[in-house]
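First up is the structure itself, then whatever we jot down about it.
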Amino acid sequence: MKLLYFILSIIIFTFNGVTQPDSLIQSTAKPDTLLRDTTHFKKAPEALQKLIGEITKQQVLVSKDAELELDGMLLDETKTKSGKDFYDFFYNRWEAPSGVKNYSILITETPFRLMTTQIEVKINETTVFQSFLQPRADIVEQLAEYAVAQTQMYLANYEELMRQLEGKDQAGTGIY
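When the letters of the sequence shown are read in order and numbered with this note's numbering, they come out as residues 664 to 839.
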């Protein structure tokens with residue numbers, strides 16, 4: 664009987680504790696303390712909303728300008744007729760591999776011995792092709808074709824390498 668009375672008193676005490684408000688909060692609450700959230704947001708003035716709209720538009724325009732890049736520029740820094748011919752042959756045969764971006768090609772020429780010059784093809788300051796250029800048109804054309812092939816192969820391999828390095832299996836914390 665005592666056990667039944669004890670269990671019954673625990674059940675009544677439990678239900679009373681659940682249904683009654685927390686007396687600790689009420690005892691520490693001051694008259695100026697809110698027991699629940701009564702915040703009502705006022706609508707911002709029209710001038711402020713207009714100003715915020717203009718600022719966000721400017722930020723969008725700035726971010727679009729930052730994305731603008733000149734990809735695939737082919738620059739000529741040759742000095743002789745043979746160098747200009749090489750550049751023309753290269754330019755006429757050049758076609759960039761698909762999906763390649765953020766690069767520029769620079770063709771430079773430096774004088775060498777007698778009638779020969781040294782021609783270099785650089786992609787983003789990296790030398791991809793280098794050869795001696797003779798003043799014979801058939802040799803210049805063959806070298807230009809070979810330089811185009813080398814440059815296209817370099818760009819294709821470079822993009823594939825960058826995709827592999829940015830992959831999930833290569834990303835990590837750097838801790839061994």
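For every residue, glycine included, the Cβ atom is placed at its ideal position computed from N, Cα and C. Owing to the predicted nature of the structure, the values given are computational and were not obtained by experimental measurement.
Checklist entry - From Y750 to I715, what does the alpha carbon distance come to, in whole angstroms? => result So the two alpha carbons sit approximately 52 Å from each other.
Checklist entry - Is it true that the segment 703-713 meets the segment 739-754, where meeting means three or more beta-carbon pairs spaced less than 8 Å apart? => result Counting C-beta pairs closer than 8 Å gives fewer than three between the segment 703-713 and the segment 739-754, which falls short of the contact rule.
Checklist entry - On the three-state DSSP scale, how would you describe Q721? => result Correct three-state label for Q721: helix.
Checklist entry - Between K747 and D739, what straight-line distance do the alpha-carbon atoms span, to the nearest angstrom? => result Between the alpha carbons of K747 and D739 lies a gap of roughly 8 Å.
Next on the checklist: Measuring CB atoms only, is the segment 816-829 touching the segment 761-781, in the sense that at least three cross pairs come out at less than 8 Å?
Outcome noted: Between the segment 816-829 and the segment 761-781 there are three or more C-beta pairs closer than 8 Å, enough to call the two in contact.
Checklist entry - In three-state terms, what does DSSP make of F749? => result Looking at F749 - three-state DSSP - the assignment turns out to be helix.
Checklist entry - So is E772 buried or exposed if we call it buried at 16+ other beta carbons inside 10 Å? => result With 16 or more Cβ atoms within 10 Å of its Cβ, E772 is classed as buried.
Next on the checklist: Are the CB atoms of I782 and I768 within a distance shorter than 8 Å?
Outcome noted: No, the pair does not count as a contact, with Cβ atoms beyond the cut-off.
Checklist entry - How big is the Cα-Cα spacing for R799 and V811? => result Using only the alpha carbons, I get a separation of about 18 Å.
Next on the checklist: Just verifying my parser: in three-state terms, what is the DSSP assignment at E829?
Outcome noted: If DSSP states are grouped into helix, strand and coil, E829 belongs with coil.
Item to check | Between the CA atoms of Y766 and M642 - distance to the nearest angstrom | outcome: Residue 642 is absent from the structure shown; the chain starts at 664 and stops at 839.
Checklist entry - Based on the DSSP output, what are the partners of V784 in its beta bridges? => result I770 and F792, per the DSSP bridge assignment.
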